[in-house]
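Residue numbers (numbering that gives the first Met the number 0): 0 to 323. We treat Cβ as the ideally placed atom computed from N, Cα and C, and that holds for glycine. Data first, discussion second: the structure below is written as structure tokens.
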Amino acid sequence: MGQNPDKKPAGEVSANGDGTAHIEDGAVLVDFDQLPRWAQQNPYIRSGYRPITHCLTGCLSSLTYWHNESGNIFSHLLPILPLLYLIGRSVLVLAGQIATYSNPRREDVVAFSAFFVGGLACMSLSATYHTLMCHSDSVMQKCKQLDYGGITCLIWGSFMPTIYYLFTCEAYHMRLYLITMSSIAAGMIIFFLSPLAQKSWTVPFRAPMFVAFAASALTPLWTGFQMYGWEHLNDMIGLKWVLLQGAIYLLGVSFFLTEMPERAFPGKFDFLASSHQLFHTAVVLAASVQFYGLLKAYEFQHAHLQVAICPMLDLWKSEALFAI
0 MGQNPDKKPA
10 GEVSANGDGT
20 AHIEDGAVLV
30 DFDQLPRWAQ
40 QNPYIRSGYR
50 PITHCLTGCL
60 SSLTYWHNES
70 GNIFSHLLPI
80 LPLLYLIGRS
90 VLVLAGQIAT
100 YSNPRREDVV
110 AFSAFFVGGL
120 ACMSLSATYH
130 TLMCHSDSVM
140 QKCKQLDYGG
150 ITCLIWGSFM
160 PTIYYLFTCE
170 AYHMRLYLIT
180 MSSIAAGMII
190 FFLSPLAQKS
200 WTVPFRAPMF
210 VAFAASALTP
220 LWTGFQMYGW
230 EHLNDMIGLK
240 WVLLQGAIYL
250 LGVSFFLTEM
260 PERAFPGKFD
270 FLASSHQLFH
280 TAVVLAASVQ
290 FYGLLKAYEF
300 QHAHLQVAIC
310 PMLDLWKSEA
320 LFAI
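Shown next as structure tokens:
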């Protein structure tokens with residue numbers, strides 16, 4: 000039986016003349032130099048790229064094979080499942096449908112829910128961006144804006160429960176910092192979703208904006224230190240876990256900004272352990288560390304509720320005042 004000369008072999012790519020490609024069958028990967036200029040983001044990742052598809056199903060089908068974005072996708076796609084479970088459980092606890100041994104207050108559930116929702120927004124929007132970035136220039140840019148919004152939500156969600164447990168008995172300071180951090184987050188999200196964020200001159204300001212927002216956590220921590228002292232902060236908010244979380248985030252950001260290790264060994268980390276994958280891993284690890292610290296803060300408060308926690312914290316404030 001004769002072979003059809005017009006049929007391309009499985010997996011062959013049809014070049015469209017503008018650096019894009021069409022997948023006929025199977026998975027085809029291209030090199031950095033074969034990508035259109037707008038898709039060339041990291042010159043130290045030399046191979047393993049998906050061709051530009053201009054097709055949603057083509058992007059989604061890339062979830063079924065390994066390429067140089069697979070680590071970035073699945074490192075944030077997989078944590079979505081436990082986050083959905085935790086959010087669903089929080090809703091049921093808040094609605095009184097699930098009985099818990101520790102009888103959480105409504106405020107506890109809301110504080111933890113903010114943390115879970117912020118994490119879910121970050122993970123889901125990040126996974127979406129890395130999945131669809133091979134669609135087209137316009138789709139990639141829109142997804143990148145959403146990704147930035149998700150990062151903002153993660154930082155905001157990290158602040159909310161820490162501020163709540165730090166200022167449980169300080170209504171003024173709690174409202175001050177919750178409103179301030181929420182307002183900053185809302186402003187950043189509006190900016191990142193606006194056309195202004197697509198302007199080239201705004202690119203150098205993006206990373207500093209995230210760093211400045213995250214670093215603003217030092218302000219309520221300093222206020223808490225002045226009130227209670229470092230030793231008591233460790234009991235109240237799991238301070239050592241908060242600091243460890245921050246250190247892990249800084250480590251992840253250092254990978255992201257320096258593009259290490261692939262900068263030192265171009266082409267050697269195309270599929271695994273590239274800087275962005277390490278950054279994603281650090282984000283998940285840091286969020287997990289903070290979750291553990293928040294559980295410690297929750298346990299501390301509920302262990303002392305029977306002895307009236309606010310009078311006890313007032314005593315700690317007096318001790319810290321004389322210590323200073």
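- Note on geometry: alpha-carbon atoms of Asp234 and Ala296 lie some 7 angstroms from one another.
- Taken through DSSP and simplified to helix, strand or coil, Tyr48 comes out as strand.
- A residue is called buried once 16 or more other Cβ atoms fall within 10 Å of its Cβ, and Lys143 is buried on that count.
- Below 8 angstroms, enough C-beta pairs join the region 73–92 and the region 124–135 to call them touching: three or more.
- Every alpha helix (DSSP H) stretch that sits fully inside the region 95–145 and reaches 4 residues is listed by chain position as 105–131.
- In the three-state reduction of the DSSP assignment, Val27 falls in the coil class.
- For Tyr291, the closest of Phe111, Thr52, Asn102 and Leu34 by C-alpha to C-alpha distance is Phe111.
- A buried status is given to Ile150, since no fewer than 16 other beta-carbon atoms sit within 10 Å of its beta-carbon.
- Phe264 is classed as exposed because its beta carbon has fewer than 16 other beta carbons within 10 Å across all chains shown.
- In this model, Trp229 and Phe299 are separated by some 16 angstroms (Cα to Cα).
- Taking the C-beta atoms as reference points, Gly118 is found nearer than 8 angstroms to Leu82.
- DSSP, reduced to helix, strand and coil, places Lys198 outside both helices and strands of the structure shown, so it counts as coil.
- Residue nearest to Gly245 within the set Ala286, Ala206 and Trp221 is Ala286 (criterion: CA-CA distance).
- Sixteen is the threshold: when 16 or more other Cβ atoms of the shown chains lie within 10 Å of the Cβ of Asp269, as they do, the residue is buried.
- In this structure, the beta-carbon distance from Ala281 to Gly237 does not fall below 8 angstroms.
- Cβ contact annotation for Thr222 (same chain, cutoff 7 angstroms, sequence separation greater than five): His172, in chain order.
- Residue environment: Arg262 is assigned as exposed (fewer than 16 neighbouring CB atoms within 10 Å of its CB, all protein chains considered).
- Judged by their CB atoms, Asp146 and Trp37 are not nearer to each other than the 8 angstroms cut-off.
- Ala185 and Ala211 have their C-alpha atoms some 15 angstroms from each other.
- In the three-state scheme derived from DSSP, where H, G and I count as helix and E and B as strand, Thr56 is classed as helix.
- The Cβ-Cβ distance between Met208 and Met187 falls below 8 angstroms.
- For Leu77 and Ser69, the gap between their C-alpha atoms comes out near 12 angstroms.
- As summarised for the region 154–206, the continuous alpha helix (DSSP H) elements at least 4 residues long and confined to that stretch are 170–192, given in chain order.
- Relative to Pro194, the option among Gln276, Tyr43, Lys141 and Leu153 whose CA is nearest is Lys141.
- A distance below 7 angstroms between beta-carbons, with the five flanking residues on each side excluded, links Gln276 to the following residues of its chain, in chain order: Gly70, Asn71 and Ser74.
- In the three-state reduction of the DSSP assignment, Gly223 falls in the helix class, which pools H, G and I.
- For Ser287, the enclosing alpha helix (DSSP H) starts and ends at Ser274 to His303.
- Between Phe115 and Leu85, the CB-CB gap stays under 8 angstroms.
- Leu80 sits exposed, since fewer than 16 C-beta atoms from the chains shown fall within 10 Å of its C-beta.
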